[in-house]
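K.L.:
4 protein chains.
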Amino acid sequence: MVRSKEQNERMSHVTREKIIEAALSLFAYKGYALTTIKDVSKTAGISTGLIYRHFHSKEELFDTLIEMAIIEIKELINFLDTDINPKDMINSLVEKIIAGIESSELIAHYYLLVSRSFIDNDVTKQQENLKTINLILFQKMSNLIEKGQQLGELKEGNADKLSLLFFSLTQGIASMKLFLEDKFIALESQDLTVFLINEEKGEEYV
Amino acid sequence: MVRSKEQNERMSHVTREKIIEAALSLFAYKGYALTTIKDVSKTAGISTGLIYRHFHSKEELFDTLIEMAIIEIKELINFLDTDINPKDMINSLVEKIIAGIESSELIAHYYLLVSRSFIDNDVTKQQENLKTINLILFQKMSNLIEKGQQLGELKEGNADKLSLLFFSLTQGIASMKLFLEDKFIALESQDLTVFLINEEKGEEYV
Amino acid sequence: MVRSKEQNERMSHVTREKIIEAALSLFAYKGYALTTIKDVSKTAGISTGLIYRHFHSKEELFDTLIEMAIIEIKELINFLDTDINPKDMINSLVEKIIAGIESSELIAHYYLLVSRSFIDNDVTKQQENLKTINLILFQKMSNLIEKGQQLGELKEGNADKLSLLFFSLTQGIASMKLFLEDKFIALESQDLTVFLINEEKGEEYV
Amino acid sequence: MVRSKEQNERMSHVTREKIIEAALSLFAYKGYALTTIKDVSKTAGISTGLIYRHFHSKEELFDTLIEMAIIEIKELINFLDTDINPKDMINSLVEKIIAGIESSELIAHYYLLVSRSFIDNDVTKQQENLKTINLILFQKMSNLIEKGQQLGELKEGNADKLSLLFFSLTQGIASMKLFLEDKFIALESQDLTVFLINEEKGEEYV
DNA sequence: GATGAATGAGTCTTCATTCAT
DNA sequence: AATGAATGAAGACTCATTCAT
Numbered sequence: 340m341v342r343s344k345e346q347n348e349r350m351s352h353v354t355r356e357k358i359i360e361a362a363l364s365l366f367a368y369k370g371y372a373l374t375t376i377k378d379v380s381k382t383a384g385i386s387t388g389l390i391y392r393h394f395h396s397k398e399e400l401f402d403t404l405i406e407m408a409i410i411e412i413k414e415l416i417n418f419l420d421t422d423i424n425p426k427d428m429i430n431s432l433v434e435k436i437i438a439g440i441e442s443s444e445l446i447a448h449y450y451l452l453v454s455r456s457f458i459d460n461d462v463t464k465q466q467e468n469l470k471t472i473n474l475i476l477f478q479k480m481s482n483l484i485e486k487g488q489q490l491g492e493l494k495e496g497n498a499d500k501l502s503l504l505f506f507s508l509t510q511g512i513a514s515m516k517l518f519l520e521d522k523f524i525a526l527e528s529q530d531l532t533v534f535l536i537n538e539e540k541g542e543e544y545v
Numbered sequence: 340m341v342r343s344k345e346q347n348e349r350m351s352h353v354t355r356e357k358i359i360e361a362a363l364s365l366f367a368y369k370g371y372a373l374t375t376i377k378d379v380s381k382t383a384g385i386s387t388g389l390i391y392r393h394f395h396s397k398e399e400l401f402d403t404l405i406e407m408a409i410i411e412i413k414e415l416i417n418f419l420d421t422d423i424n425p426k427d428m429i430n431s432l433v434e435k436i437i438a439g440i441e442s443s444e445l446i447a448h449y450y451l452l453v454s455r456s457f458i459d460n461d462v463t464k465q466q467e468n469l470k471t472i473n474l475i476l477f478q479k480m481s482n483l484i485e486k487g488q489q490l491g492e493l494k495e496g497n498a499d500k501l502s503l504l505f506f507s508l509t510q511g512i513a514s515m516k517l518f519l520e521d522k523f524i525a526l527e528s529q530d531l532t533v534f535l536i537n538e539e540k541g542e543e544y545v
Numbered sequence: 340m341v342r343s344k345e346q347n348e349r350m351s352h353v354t355r356e357k358i359i360e361a362a363l364s365l366f367a368y369k370g371y372a373l374t375t376i377k378d379v380s381k382t383a384g385i386s387t388g389l390i391y392r393h394f395h396s397k398e399e400l401f402d403t404l405i406e407m408a409i410i411e412i413k414e415l416i417n418f419l420d421t422d423i424n425p426k427d428m429i430n431s432l433v434e435k436i437i438a439g440i441e442s443s444e445l446i447a448h449y450y451l452l453v454s455r456s457f458i459d460n461d462v463t464k465q466q467e468n469l470k471t472i473n474l475i476l477f478q479k480m481s482n483l484i485e486k487g488q489q490l491g492e493l494k495e496g497n498a499d500k501l502s503l504l505f506f507s508l509t510q511g512i513a514s515m516k517l518f519l520e521d522k523f524i525a526l527e528s529q530d531l532t533v534f535l536i537n538e539e540k541g542e543e544y545v
Numbered sequence: 340m341v342r343s344k345e346q347n348e349r350m351s352h353v354t355r356e357k358i359i360e361a362a363l364s365l366f367a368y369k370g371y372a373l374t375t376i377k378d379v380s381k382t383a384g385i386s387t388g389l390i391y392r393h394f395h396s397k398e399e400l401f402d403t404l405i406e407m408a409i410i411e412i413k414e415l416i417n418f419l420d421t422d423i424n425p426k427d428m429i430n431s432l433v434e435k436i437i438a439g440i441e442s443s444e445l446i447a448h449y450y451l452l453v454s455r456s457f458i459d460n461d462v463t464k465q466q467e468n469l470k471t472i473n474l475i476l477f478q479k480m481s482n483l484i485e486k487g488q489q490l491g492e493l494k495e496g497n498a499d500k501l502s503l504l505f506f507s508l509t510q511g512i513a514s515m516k517l518f519l520e521d522k523f524i525a526l527e528s529q530d531l532t533v534f535l536i537n538e539e540k541g542e543e544y545v
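If you're matching them up, the sequences are chains L, X, R and P in order.
Just so we're on the same page, the numbering used here is the position in the first sequence counted from 1, plus 339.
Just so we're on the same page, the numbering used here is the position in the second sequence counted from 1, plus 339.
Just so we're on the same page, the numbering used here is the position in the third sequence counted from 1, plus 339.
Just so we're on the same page, the numbering used here is the position in the fourth sequence counted from 1, plus 339.
1. Answer yes or no: does any C-beta atom of chain P fall closer than 8 Å to that of R:Leu503?
2. Could you give the DSSP three-state label for R:Ile385: helix, strand or coil?
3. In angstroms, rounded to a whole number, what distance separates the CA positions of X:Gln346 and X:Glu356?
4. Quick one: what's L:Asn536 bridged to in DSSP?
5. Alpha carbons only, please: which of L:Asp530, L:Phe505, L:Ile405 and L:His448 is nearest the one belonging to X:Asp459?
6. Assign R:Arg455 to buried or exposed, taking buried as 16 or more other Cβ atoms, counted over all protein chains shown, within 10 Å of its Cβ.
7. Quick check: what's the CA-CA separation for X:Asn473 versus X:Leu504?
8. Buried or exposed, going by whether 16 or more other CB atoms sit within 10 Å of the CB of R:Lys397?
9. Mark P:Ser351 as exposed unless 16 or more other C-beta atoms lie within 10 angstroms of its C-beta, in which case mark it buried.
10. So is R:Thr471 buried or exposed if we call it buried at 16+ other beta carbons inside 10 Å?
11. I need the straight-line Cα distance from R:Glu360 to P:Met407, nearest angstrom please.
12. Would you mind stating whether R:Gly370 and P:Gly370 have Cβ atoms separated by less than 8 Å?
13. So that I know if they touch, is there some Cβ in chain X lying closer than 8 Å to that of L:Leu517?
14. From P:Val533 to P:Leu508, what distance separates their C-alpha atoms?
15. For a contact meaning CB atoms closer than 7 Å, what does P:Ala372 contact in chain R?
16. When you check each C-beta in the stretch 487-501 of chain L against every C-beta of chain X, which residues fall closer than 7 Å?
17. Within the chosen definition, does the stretch 431-448 of chain X reach the stretch 518-536 of chain X through at least 3 CB pairs nearer than 8 Å?
18. On a CA-only basis, which of X:Asp530, X:Leu517, X:Asp499 and X:Asn430 is nearest L:Leu519? Give me that one, please.
19. Got a sec: is the Cβ-Cβ distance from X:Gln510 to anything in chain L below 8 Å?
20. Using a Cβ-Cβ cut-off of 7 Å (strictly less than) and excluding sequence neighbours within five positions of R:Ala362, which residues of its own chain qualify?
21. Determine which residues of the stretch 418-435 of chain L have a Cβ less than 9 Å from any Cβ of chain X, and write them out in chain order.
22. Tell me, to the nearest whole angstrom, how far the beta carbon of R:Leu535 is from that of R:Lys494; I am working on the premise that it is less than 8 Å.
23. Can you look up R:Leu524 in the DSSP assignment and give me helix, strand or coil?
24. Comparing the C-beta of P:Asp378 with each C-beta of chain R, is any distance below 8 Å?
25. Which chain X residues sit within Cβ distance under 7 Å of L:Ser481?
26. Verify the CB distance criterion: does P:Glu441 have a CB-CB separation below 8 Å to chain R?
27. Name the residues in the stretch 384-409 of chain L whose C-beta lies less than 7 Å from a C-beta of chain X; which are they?
28. Note down, in chain order, every chain X residue with its Cβ under 9 Å from the Cβ of L:Leu526.
29. Less than 7 Å between C-beta atoms, sequence neighbours within five positions excluded: which residues of the same chain meet that for L:His393?
30. Give me the Cα-Cα distance between X:Ser502 and L:Ile512, rounded to the nearest whole angstrom.
31. How would you list, in chain order, the residues of chain L whose beta-carbon sits under 7 Å from the beta-carbon of X:Phe534?
32. What residues in its chain sit with their C-beta under 8 Å from that of R:Gly491, if we drop five residues either side in the sequence?
33. Between P:Asn497, P:Leu483 and P:His395, which lies nearest to P:Pro425 when the distance is taken from Cα to Cα?
34. Less than 8 Å between the C-beta atoms of X:Leu365 and X:Thr382, yes or no?
35. Three-state secondary structure (DSSP) at X:Gly370?
See the structure below:
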């Protein structure tokens, strides 16, 4: 009467997903230090011991989440590498970001998890990777901006600086979302791009 | 014979300053929960026990820093209450902020500490106070923006939203400063105000 | 597979008993402040952490013991409230006390714990309750003695004073039991009641 | 302008006395563990450091008090060795004890300090001495009782047991004094000796 | 002799991790 | 695979003790 191999694997996979979901929510809301493994197991509806069959340590569980973030950012980078023209690309990027942040506090927390992790000093290897990939993203954005400036689509100015301002803004918004909670004001794409994109006739924003 | 009262007070003051500086940096970087008293004492170059001669608990030490931040913000609020015209006020405010962030990590740490306490919930009571005072600051800025819009000095748009963007930007910048370290690019006042202040003839910025 | 619920409960119960026994002896001998949780865990033969699965704090552990003593005393009070005649009641009470003290150190420890908590001020709230209930017991005994005096069964004299002497004696005996250990001399009921009960013809004691 | 040797010695002696007085009161009221050296120094009106010029450690300070108790008990033993007749000796002893306990809580505490110290397990050498001397006192009392019985002054019965009851009573009374505080009832010599001394005609006590 | 700032060992408590079942 | 009892290392905090002055 033993379970078949596939059954076991399916169960295992379901458990893993439950753990990750619980951990993501808890780490994001309460932070790494204030989240206990017991919290995670309770939220996931399993025993504490079972977590250790899926992850060797709390840190590894955390790193798994970071890795997921890295994958997201890598996709972003891939997207930036496609041959769309800079202005449309930035617009579409910004819309994605705004939609994400506004849709749930969880995603806002996720942004902060990311931004927080590149400030931390004693970091794990995955956090180091995240830091690296973020720097790459930053650089890609600079390049994109330069390209857009050459095309006359984007405003002039030091591209690195504009990139810096861009990420400052997205990060600041994620943090303000959590601060203002209900009082947070819905943003539009142009709110974030006004300092970056040249206005076209017919869609003035001033 | 014995140390004079003044000697003792001087020693005490120096120690207290060392503790505060160490704690500020650590709390800002690692957050409350991940910062240990031993971390603080090591960074400050003193024993753990000595910290407790100056602060009754880890929480009181943390609250002391938060309170210092509150005082700074209160001064900012007072400044916003003076009768300067909105545009000049914002310009001077921004210059102050940029200069602060760029001049020392200490001040960037303060910004980070403030933005962190938006996120880390339920840590101490002083954090609630900090949130409250920040909301007031936010409101004052909205009012100022409205006033500036009536005077035609500032760009149109929902005042709350512009205030939100303004603080998002300053906060994001502080955190980018600590992330990029040497790679941080010096900012000018206009970088932060371009979305807010109407350009005047003769000092175009594009 | 997994331990059954009953298995777990049995294990849990055994552990709890081990902790209580160890703690009782240590608190009685060394007092609250000088007894460390490590002492208790070593004596109980378990780890320190495990104690906290059963008691939230050192104080709660202590209070549990005090509460057990309170329950015993309440039963004593209930007994004093029954309608037996004073002389028989006191005799049976004394026999119970002597048997208890002589039978096991555990019970002597309880007496010691109680008498200790008269002295150690400001330790826990349960101690206040213990004091209160002891005062009630003291009062009940006074009343009983008065009643016995009216019946001519008990010796004359201030009832409160006789009550005081009675409890002084029982308490002193418990502590002497622990002091003298093997050298402790077996007592008889009359040893404790000679100052209280009128001799009857035929059973003189001198 | 240095102080003369005698002056220094006198000051030193005064300081030592202040420390002992403070320590006795604090140890007696709060117990060894709950009394801090800072408590002692504050009560004595001196600095903490100065205590260590007079006593090498907290334990040594405590032992000094125990030693003082030992001296008192030795005097008691000497008294018991004199050639007074048992009955008068016991009466005078009891009067002394009652007067002491009733005069101040401090002395009651002192009795308990003594009785407590012979229960403790991990004791200092002085506490061991105290225990020994107490056993001697106990034995002397037994002898005295036997002698009194031979003279027909004291009631019959196992002398050791009567001695045990005697000390149980004194110790219990000290503890009740602290428990009942204001409600404590003044005792007379006969209250403690009724079980021990044969009544004489003309001074019946029943 | 005298002070009190400074130290660090030791205590209570939490929680990541292990392990018998 | 799954449970949760059990472990013990680590953190906040206290306080006896030392030491510069």
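From the three backbone atoms N, C-alpha and C, an ideal C-beta is built for every residue, glycine too.
P.N.:
The relevant details are as follows:
1. Interface residue, yes.
2. In the structure shown, R:Ile385 sits in coil (DSSP, three-state: anything other than H, G, I, E or B).
3. The straight-line gap separating the alpha-carbon atoms of X:Gln346 and X:Glu356 is approximately 16 Å.
4. According to the sequence as given, residue 536 of chain L is Ile; it is not Asn. DSSP output for L:Ile536 lists L:Leu493 as bridge partner(s).
5. The shortest Cα separation from X:Asp459 among L:Asp530, L:Phe505, L:Ile405 and L:His448 belongs to L:His448.
6. Label assigned to R:Arg455: buried.
7. Those two C-alpha atoms are separated by around 14 Å.
8. Buried, by the Cβ-count rule.
9. Burial call: exposed.
10. It is exposed - the Cβ of R:Thr471 has fewer than 16 other Cβ atoms within 10 Å.
11. So the two alpha carbons sit approximately 35 Å from each other.
12. Against a cut-off of 8 Å, the Cβ pair of P:Gly370 and R:Gly370 comes out as a contact.
13. Chain X, which has a Cβ nearer than 8 Å to the Cβ of L:Leu517, makes this yes.
14. CA-to-CA, the gap between P:Val533 and P:Leu508 works out to about 12 Å.
15. Gly370, Ala372 and Leu373, listed in chain order.
16. Residues passing the 7 Å Cβ filter: Lys494, Glu495, Asn497, Asp499 and Lys500.
17. Touching, yes, given that three or more Cβ pairs across the two stretches are closer than 8 Å.
18. The shortest Cα separation from L:Leu519 among X:Asp530, X:Leu517, X:Asp499 and X:Asn430 belongs to X:Asp499.
19. By this cut-off, X:Gln510 is an interface position.
20. Excluding residues within five positions, the ones whose Cβ falls inside 7 Å are Val379, Leu400 and Leu404.
21. Those would be none; no residue qualifies.
22. Contact between R:Leu535 and R:Lys494 holds, with the beta-carbon distance rounding to 6 Å and staying under 8 Å.
23. For the sequence presented, residue 524 of chain R should be read as Ile rather than Leu. When DSSP states are grouped into helix, strand and coil, R:Ile524 belongs to the coil group.
24. Closer than 8 Å: no.
25. Residues of chain X passing the Cβ test: none, with the nearest at roughly 10 Å.
26. No - not a single Cβ of chain R is within 8 Å of the one on P:Glu441.
27. Listed by position, the residues of the stretch 384-409 of chain L near chain X (Cβ gap below 7 Å) amount to none.
28. Residues of chain X passing the Cβ test: Lys500, Leu503 and Leu504.
29. Excluding residues up to 5 positions away in sequence, Thr354, Arg355 and Ile358 lie with their Cβ nearer than 7 Å to the Cβ of L:His393 in the same chain.
30. Spanning the two alpha carbons is a distance of roughly 11 Å.
31. What X:Phe534 touches in chain L: Val533 and Phe534.
32. Contacts found: Asn537.
33. Checking every option, the nearest Cα to that of P:Pro425 belongs to P:Leu483.
34. Cβ atoms of X:Leu365 and X:Thr382: closer than 8 Å.
35. For X:Gly370, the secondary structure class from DSSP, reduced to helix, strand or coil, is helix.
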